[in-house]
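Going by this note's numbering, the first residue of the sequence shown is number 3, and it counts up by one from there. See below for the structure under consideration.
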Amino acid sequence: MRIHYLQHVPFEDLANIEEWANEKRHTVSGTNLFNNEKLPQMEDFDWLVILGGPMNIYEEKTYPWLADEKKFIAKAIAAKKTVLGICLGAQLIADVLGAKVKRNSFTEIGWFPVNLTHESKCVPIFTTLPEKFTVFHWHGDTFDIPPGAVRVAQSGACKNQAFVYKDRVIGLQFHLEYSLESIKRMLENCGDELVGGEFIQKEDEILAKKGSLRETGILLNSMLDNIEREFQELSDHPQ
């Protein structure tokens, strides 16, 4: 499988997704949008991964490449590509699919539990994940669930944590892909956002819970295996 990623800043990369892809011997390529690199052709990839970033989806004047990125994502969805968006990536997918992206009631930074919804039981990609698990978060915005999509996860700070659209487009507000190095880079580059709040943990508290990365790594691999299987089934039986 040919995986292509869209990266928005140097310090938020594929992290553990790349490790999984290498173990599976998938081909990995990427576009560093912050360097104004050229986007690929649709025929050049099977699976699009849209990573996170500190910018907001509506900051096109500051980040002009956002406009072309949105068009590219819409084209990939229309071409029936498998698409996974994480944090900002999920918000971009939601926007492209006609849902509203807005400020969340709470900024959510740190390790907090996520609960799968009842509807998630009908979504093959999430059937191997537990009903409740603790993951890493770093976001201030949120998305409405796009028309035709299924809400599959929620948390105490954010009611819309994940959605799936037509079994091949996945949006995750949280970060299963992060490694310890990912978290350290976020603290180094965005640590000024740790200003206190009900759902904002301090740096030492975040790092003290680094043991949770083992569980999130297992959950990530399980979800990616499910996406891979779903991709193969949809390829064998195109709709």
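Glycine is no exception: its CB is placed at the ideal position from the N, C-alpha and C atoms.
Under a Cβ-count criterion, where at least 16 other Cβ atoms within 10 Å of its own Cβ denotes burial, should residue 124 be classed as buried or exposed? Translated into positions along the sequence shown, residue 124 becomes position 122. With fewer than 16 Cβ atoms within 10 Å of its Cβ, residue 124 is classed as exposed.
Residue 24 to residue 146, Cα distance in whole Å? Here residue 24 corresponds to residue number 22 of the sequence shown, with the count starting at 1. Here residue 146 corresponds to residue number 144 of the sequence shown, with the count starting at 1. Using only the alpha carbons, I get a separation of about 33 Å.
Does residue 8 pass the burial test, meaning 16 or more other C-beta atoms within 10 Å, or should it be called exposed? Along the sequence shown, one-based indexing puts residue 8 at 6. By the neighbour-count rule (16 or more Cβ atoms within 10 Å), residue 8 is buried.
What runs of the beta strand (DSSP E), each 3 residues or longer, lie entirely inside the segment 45–80? 49–52
Roughly how many angstroms lie between the CA atoms of residue 148 and residue 167, to the nearest whole one? Here residue 148 corresponds to residue number 146 of the sequence shown, with the count starting at 1. Here residue 167 corresponds to residue number 165 of the sequence shown, with the count starting at 1. Spanning the two alpha carbons is a distance of roughly 8 Å.
Secondary structure at residue 97, three-state DSSP: helix, strand or coil? Locating residue 97 in the sequence shown gives position 95, where the first residue counts as 1. Note: residue 97 maps to helix in three-state DSSP.
Determine which residues share a DSSP beta bridge with residue 118 and list them. Counted from its first residue, the sequence shown places residue 118 at position 116. Bridge partners of residue 118: 155.
With a CB to CB cut of under 6 Å and the five nearest residues on each side skipped, what residues in its chain are close to residue 233? Within the sequence shown, numbered from 1, the residue matching residue 233 stands at position 231. For residue 233, where only same-chain residues beyond five positions count, the Cβ hits under 6 Å are 84.
Could you check if residue 86 belongs to the surroundings of the ligand NAD, using beta carbon to heavy atom distance under 7 Å? Summarising the ligand content, the structure contains no ligands, and the ligand NAD is consequently not present.
Please go through the same chain and pick out, in chain order, the residues whose beta-carbon is closer than 7 Å to the beta-carbon of residue 184, but skip the five residues on each side of it. Taking the first residue of the sequence shown as position 1, residue 184 is located at position 182. Taken in chain order, the residues that qualify are 17.
Residue 19 - containing alpha helix (DSSP H), residue span: Here residue 19 corresponds to residue number 17 of the sequence shown, with the count starting at 1. Here the alpha helix (DSSP H) through residue 19 covers 18–25.
Looking at the unbroken beta strand (DSSP E) that takes in residue 5, where does it start and where does it end? Here residue 5 refers to the residue found at position 3 of the sequence shown. Its beta strand (DSSP E) spans residues 4–9.
Assuming contact is defined by CB atoms lying nearer than 8 Å, are residue 111 and residue 171 in contact in what I supplied? Counted from its first residue, the sequence shown places residue 111 at position 109. Counted from its first residue, the sequence shown places residue 171 at position 169. No. Outside cutoff.
What residue from 161, 46, 155, 42 has the CA that sits closest to residue 107's CA? Stepping through the sequence shown from its first residue, residue 107 is reached at position 105. Closest by alpha carbon: 161.
Output needed for residue 6: all residues of its chain with C-beta closer than 6 Å, excluding positions within five of it in sequence on either side, in chain order. For the purposes of this step, residue 6 is identified with residue 4 of the sequence shown, where counting begins at 1. Counting only Cβ-Cβ distances below 6 Å, and skipping sequence neighbours, we find 31, 42, 47, 50.
Roughly how far, in whole angstroms, is the beta-carbon of residue 242 from the beta-carbon of residue 93, given that I think they are within contact range, below 8 Å? Nothing about residue 242 can be read from this structure; the chain reaches only from 3 to 241.
Residue range of the alpha helix (DSSP H) that residue 186 falls in? On the sequence shown, residue 186 is found 184 positions in, with the first residue counted as 1. Bounds of the alpha helix (DSSP H) holding residue 186 are 182–192.
DSSP three-state label for residue 206, please. In the sequence shown, the residue the question calls residue 206 occupies position 204. Residue 206 falls in the helix class under three-state DSSP.
If you count every other CB in all the chains shown that lies within 10 Å of the CB of residue 120, and 16 or more means buried, which is it? Translated into the one-based positions of the sequence shown, residue 120 becomes position 118. With fewer than 16 Cβ atoms within 10 Å of its Cβ, residue 120 is classed as exposed.
Helix or strand or just coil, what does DSSP make of residue 178? For this step, residue 178 is matched to residue 176 along the sequence shown. In this structure, residue 178 counts as coil in the three-state DSSP scheme.
C-alpha distance - residue 208 paired with residue 113, whole-angstrom precision: For the purposes of this step, residue 208 is taken as the residue at position 206 of the sequence shown. For the purposes of this step, residue 113 is taken as the residue at position 111 of the sequence shown. Their Cα atoms are separated by approximately 7 Å.
Quick test of the definition: if touching needs 3 or more C-beta pairs under 8 Å, does the segment 191–202 touch the segment 59–77? no
For residue 44, which residues from the same chain have a beta carbon less than 8 Å from its beta carbon, with the 5 sequence-adjacent residues on both sides left out? By 1-based counting over the sequence shown, the position of residue 44 is 42. Result list for residue 44: 77, 78, 81, 83, in chain order.
Along the chain, where does the beta strand (DSSP E) that runs through residue 139 open and close? Working through the sequence shown from its first residue, we reach residue 139 at position 137. Counting along the chain, the beta strand (DSSP E) containing residue 139 begins and ends at 134–145.
Using only alpha-carbon positions, find the residue among 10, 222, 27, 20 that is nearest to residue 129. As a working note, residue 129 is residue 127 in the sequence shown. That would be 222, whose Cα lies nearest to the Cα of residue 129.
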